[in-house]
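According to mature numbering (1 follows the signal peptide of the UniProt record, and there is no 0), the sequence shown holds residues -20 to -1, 1 to 383 in order.
Every residue gets a Cβ at the ideal spot worked out from N, C-alpha and C, and that includes glycine.
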Amino acid sequence: MLLSLTKLSVAGCLLAVVSAAPTERDNDKKHDNNGKGNDKDNRSTTYSECQRPKPQGQQLQGCPEGTLYVSQTDPQAEYGSISAAIRSLPDDNSSHHILVGTGSYHETLNITRQGPLTLLGITAYPLDWSKNGVYVWNSSFINQTTQAGTGLHNSDAAVLTVSPPAGVKFGCSDFRAYNMGFANRAQVDGVEIIGQQTGPSAAFFSTAANSSLYGCTFDSYQDTWYTGKNASSFVYSGQIKGFTDYLYGYGTAWFEGVTMANRGCGGGITAWKGEGTPDQNKFGVYQANGRIVGADDAVPDLTRNCPLGRPWNNASRSIYKNTYMSNIVLPQGFVAWSDNDPRVVPNLTIFGEYGSYGPGFDAKARNLSVEALLTKEQADEYTVEKVFGGLPSWIDLGTAVIA
C-alpha cells in the first residue's frame, strides 16, 4: 500500500488459543445457484418495485418521491452519468435516491455528503447479483515504486469512494447501493493487468462513513475493498474479486452471504489492522454464510494456495463463520505477514473460524499458532448486533436476511 495508507509489514496470529472442532454444515439454501443468489426466491425487497424495468416514461413508478433517474440511452433521464446526479445533490442531511439504468459507466463516484444516499441499479432480479446490468468502472492504480512520494493517496485510485471531505469528522450517515457492479480495471499503456499484483486499485474505499451494499459486485486485483478508520460497512450477497489482500481496512466490515472470488493468491484474502485490545472494540472483518472460490478469470492454478488472511498489524481481527471453502484455500488457513516479521501476539491478534466446510477446510491442517477454531459460544460473540453495538438503522432488513 502507499503513503499514509501504506500497509505496515506486519503479521499476526490469533490467539485466544482454543481449538474446538467446527460443526458440520450442509450445503444449505444460501448457496443455491452457485452463490449467485436464488432466482427462485420471489420475495419482495425494499426497492424491488422501483428497480423493476418499466416502459419508457414510467421508470420512476414505485420509487421514492424525488428519485433522480440516470440513463445513457433513455432521453427522459435527468442525467447521463451517475457522478453528475451525485454532484447535483445538496450538501446537507437530506435523504436522496438515484435510479441507474442498465449500462456500463466509465466514471468514478465520490460520496462526500453527510445525508443518506441510495443508488439503485435497475434489475428484474434484485436477489440474483449475477443478473445485474449496471456497471461502473475505471482504470487506475497506485504504483508503489514510481508514484511513491507524489502525494497520491490510495483513495485516488478508487472507483467508489464514501468518505467525508477534508476537515469534516464524519461523512455519509447512511450510504446504500443495490445491484450495481464496481470494477477497477487497472491498466498499463491501455492493457489491463491480469495475473499479477498492480498496487492499490480499490473498487470500494470508505473512511468515517456508514455503508451498506446489496447484491453488488466489486472487481479488482490488489486491495479491492477498503473499510477505513471510523468506517462501518455491511455487505449482503454479491461477489468480491481480488488477487492480493483484497479485503483490507482499519474499521468494521461484515460480509453476509458474499462470494469471495480469488483471481490469484497474493498475500491473503483479508489484511486488517486494529488498535487497542480485543475487549475494547470490535474493529475487524467478518464473513458469514459466504463462499470462497476461484474466480472465473483466475490465471494460475490456485489449488491449496490461497491464505484466508494475514494481519496488517498485530491487532488484526478476521473471523469466518459458516463459510464454504473450495479447494483453493491454503490448508493452514491464516498466515503471518512474513516469515521475518510474523507479529504473533497471543490474545491480541484474532484470527478464527467456526463452521467452515467444503474441500478447503481441514481442521487437522490448520495452523493453531496463528488462528483458532472457535467454539459455538465464542462464535456467538460475533454477530451483526454485537459487532456494530446494536442493529444499525443504516442496514436494510427489508432486503438483507441475516442468519
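Original post:
Between residue 27 and residue 310, what straight-line distance do the alpha-carbon atoms span, to the nearest angstrom?
Top reply: 39 Å
Subject >> Run of the beta strand (DSSP E) containing residue 267, from where it starts to where it stops >> reply: 264 to 268
Subject >> Three-state secondary structure (DSSP) of residue 202 >> reply: strand
Subject >> Backbone CA spacing between residue 229 and residue 293 [nearest angstrom] >> reply: 11 Å
Subject >> Sequence-distant residues of its chain with Cβ nearer than 7 Å to residue 71 (five each side left out) >> reply: 93
**OP:** Give me the Cα-Cα distance between residue 261 and residue 209, rounded to the nearest whole angstrom.
**Re:** 13 Å
**OP:** Check residue 286 in the structure and name its three-state DSSP category.
**Re:** strand
**OP:** Name the residue from 219, 301, 84 and 185 whose alpha carbon lies nearest to the alpha carbon of residue 196.
**Re:** Considering only alpha carbons, the answer is 219.
Original post:
At which residue ranges does the region 350 to 381 contain complete alpha helix (DSSP H) runs of 4 or more residues, listed in the order of the chain?
Top reply: 356 to 359 and 364 to 368
Original post:
Looking at residue 266 and residue 376, is the spacing between their C-beta atoms short of 9 Å?
Top reply: no
Original post:
With distances taken from CA atoms, which of 369, 238 and 137 is nearest residue 232?
Top reply: 369
Original post:
At which residue ranges does the region 74 to 125 contain complete alpha helix (DSSP H) runs of 4 or more residues, listed in the order of the chain?
Top reply: none
Original post:
Looking only at C-alpha atoms, which of 97, 238 and 104 sits nearest to residue 151?
Top reply: 97
Original post:
residue 11 to residue 46, Cα distance in whole Å?
Top reply: Confidence at residue 11 is low in this model, with a pLDDT of 44, below 50, so the placement of that residue is unreliable and no value is reported for it.
Original post:
For residue 199, which option in 185, 335, 190 and 316 has the closest C-alpha, if you only look at C-alpha atoms?
Top reply: 185
Original post:
Between residue 51 and the rest of its own chain, which residues show a CB-CB distance below 6 Å, the 5 nearest in sequence each way excluded?
Top reply: Excluding positions up to five away in sequence, the list reads 57 and 81.
Original post:
For the region 291 to 315, which segments carrying the beta strand (DSSP E) assignment without a break, of at least 3 residues, lie completely within its bounds, in sequence order?
Top reply: 297 to 301
Subject >> Inter-stretch contact (C-beta, 8 Å, three-pair minimum) for the region 357 to 369 and the region 328 to 338 >> reply: yes
**OP:** For the beta strand (DSSP E) holding residue 219, just list the boundary residues, first then last.
**Re:** 219 to 224
Original post:
Just how far apart, CA to CA, sit residue 314 and residue 305?
Top reply: A direct Cα-to-Cα measurement between residue 314 and residue 305 gives close to 13 Å.
Subject >> Continuous beta strand (DSSP E) stretch holding residue 152: start and end >> reply: Membership of residue 152 in any beta strand (DSSP E) is not indicated, and neither H nor E is assigned to it by DSSP.
Original post:
Counting pairs of Cβ atoms below 8 Å between the region 348 to 355 and the region 234 to 242, do you hit three or more?
Top reply: no
**OP:** Could you check which residue in 366, 165, 271 and 328 has the C-alpha nearest to that of residue 115?
**Re:** 165
Subject >> Own chain residues within Cβ distance below 8 Å of residue 366, not counting five before or after >> reply: 262
Subject >> Exposure label - residue 353; buried when at least 16 CB within 10 Å >> reply: buried
**OP:** Counting only the same chain and skipping the five closest in sequence on each side, list residues whose C-beta sits under 7 Å from that of residue 125.
**Re:** Confidence is the limiting factor: at residue 125 the pLDDT is only 40, short of 50, which leaves the residue's position unreliable, though a coordinate-based value still follows. Within the same chain, residue 125 has no close Cβ partners at all.
Original post:
By DSSP, does residue 58 sit in helix, in strand, or in coil?
Top reply: coil
**OP:** Starting from residue 30, follow the alpha helix (DSSP H) in both directions and report where the run begins and ends.
**Re:** Note, residue 30: alpha helix (DSSP H), 28 to 31.
Original post:
Is there a Cβ from chain C that is less than 9 Å from the Cβ of residue 285?
Top reply: This model lacks chain C altogether, as it is built from one protein chain only.
Original post:
Taking buried to mean at least 16 other C-beta atoms within 10 Å of its own C-beta, is residue 320 buried or exposed?
Top reply: It is exposed - the Cβ of residue 320 has fewer than 16 other Cβ atoms within 10 Å.
Original post:
Which first and last residues belong to the beta strand (DSSP E) in which residue 245 is found?
Top reply: 239 to 246
**OP:** For the beta strand (DSSP E) containing residue 184, list its first residue and its last residue.
**Re:** 184 to 186
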